[in-house]
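Participant: The structure under discussion is supplied below as structure tokens; questions concerning it will follow.
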Amino acid sequence: MIYWEIFLAFFIPGIIGYGGGPATIPLIEYEVVHRYGWMSVEEFGEVLALGNALPGPIATKMAGYIGFEQAGILGASVGLFATIAPSLILMIILLGILLKFKDSPKVKLLSAVVRPTIAVLLGVMTFRFLQTSYVDNGWIQTVFLTVASYILLEKRKVHPAFVILGALIYGALFLG
5 MIYWEIFLAF FIPGIIGYGG GPATIPLIEY EVVHRYGWMS VEEFGEVLAL GNALPGPIAT
65 KMAGYIGFEQ AGILGASVGL FATIAPSLIL MIILLGILLK FKDSPKVKLL SAVVRPTIAV
125 LLGVMTFRFL QTSYVDNGWI QTVFLTVASY ILLEKRKVHP AFVILGALIY GALFLG
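Counting from 1, position 69 in the sequence shown corresponds to residue 73 in my numbering; the numbering is continuous, with no gaps.
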């Protein structure tokens, strides 16, 4: 049963998460945290941060890690397959359709509608992370990490992997 749950937890976001990692992460969070209860929002945030710090697609790294945590190597394999299979199948099907109708106003409208939807999903997830951080670590830590991350990313143009690594080290030293 656990293998089926792992499969569904990553297959469903993979099928409906049009737009890659940023679109599927909130969907994976719902499945892993809220539906199956395998981890808390804070733990999911840590796995997400670790996945962001490593090279490659975030969703597959998360699927492998969470699948392994729940059911060992076979669980990791099921999670990875469930994450990759929908994208592969849909990419082959949709590529043929999009190439056929690429100049259609409906296809252009679809692309225009999907982008704001992804932005809203990411905004909701960010709000949840901030809310959890505020409750667990207090407003001073939350504001400090948020402002420091903004300055490093937007003003200093530091690579996100280094900001995430710095936040992980800060959390281990001061919030652990």
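No residue lacks a Cβ here, since even glycine has one placed at the ideal position from N, Cα and C.
Any idea what DSSP makes of residue 38, helix, strand or coil?
Facilitator: Three-state result, residue 38: helix.
Participant: Is DSSP giving residue 91 helix, strand or coil here?
Facilitator: Correct three-state label for residue 91: helix.
Participant: What would DSSP say about residue 108, mapped onto helix, strand or coil?
Facilitator: Residue 108: coil per DSSP, three-state reduction.
Participant: Along the chain, where does the alpha helix (DSSP H) that runs through residue 54 open and close?
Facilitator: It spans 45-57 - the alpha helix (DSSP H) in which residue 54 sits, taken as one unbroken run.
Participant: What is the residue span of the alpha helix (DSSP H) that residue 156 lies within?
Facilitator: It is not in any alpha helix (DSSP H) - residue 156 carries neither H nor E in the DSSP assignment.
Participant: Taking only three categories from DSSP, how would you classify residue 129?
Facilitator: Correct three-state label for residue 129: helix.
Participant: Compute the Euclidean distance between the alpha carbons of residue 64 and residue 42, then round it to the nearest angstrom.
Facilitator: Their Cα atoms are separated by approximately 17 Å.
Participant: Hey, would you say residue 182 sits closer than 8 Å to residue 84, going by beta carbons?
Facilitator: Residue coverage of the chain in this structure runs from 5 to 180, which leaves residue 182 outside it and unanswerable.
Participant: Using the three-state DSSP reduction, which class does residue 65 fall into: helix, strand or coil?
Facilitator: Residue state, collapsed to three classes: helix.
Participant: So what's residue 138 in DSSP terms, helix, strand or just coil?
Facilitator: In the structure shown, residue 138 sits in a helix (DSSP, three-state: H, G or I).
Participant: I believe residue 29 touches residue 74 by the beta-carbon criterion, under 8 Å. Please report the beta-carbon distance rounded to the nearest angstrom.
Facilitator: Actually they do not touch by this definition, with Cβ atoms about 18 Å apart.
Participant: Does the beta carbon of residue 6 come closer than 8 Å to any beta carbon on chain D?
Facilitator: Reference to chain D is not applicable here, since this structure consists of a single protein chain.
Participant: Restricting to Cα atoms, I'd like to know which of 116, 168, 147 and 119 is closest to residue 131.
Facilitator: Cα-wise, what sits closest to residue 131 is 147.
Participant: Alpha helix (DSSP H) containing residue 169: first to last residue?
Facilitator: Unbroken alpha helix (DSSP H) run through residue 169: 164-174.
Participant: In whole angstroms, give me the CA-to-CA distance for residue 32 and residue 92.
Facilitator: Distance between the alpha carbons of residue 32 and residue 92 is about 18 Å.
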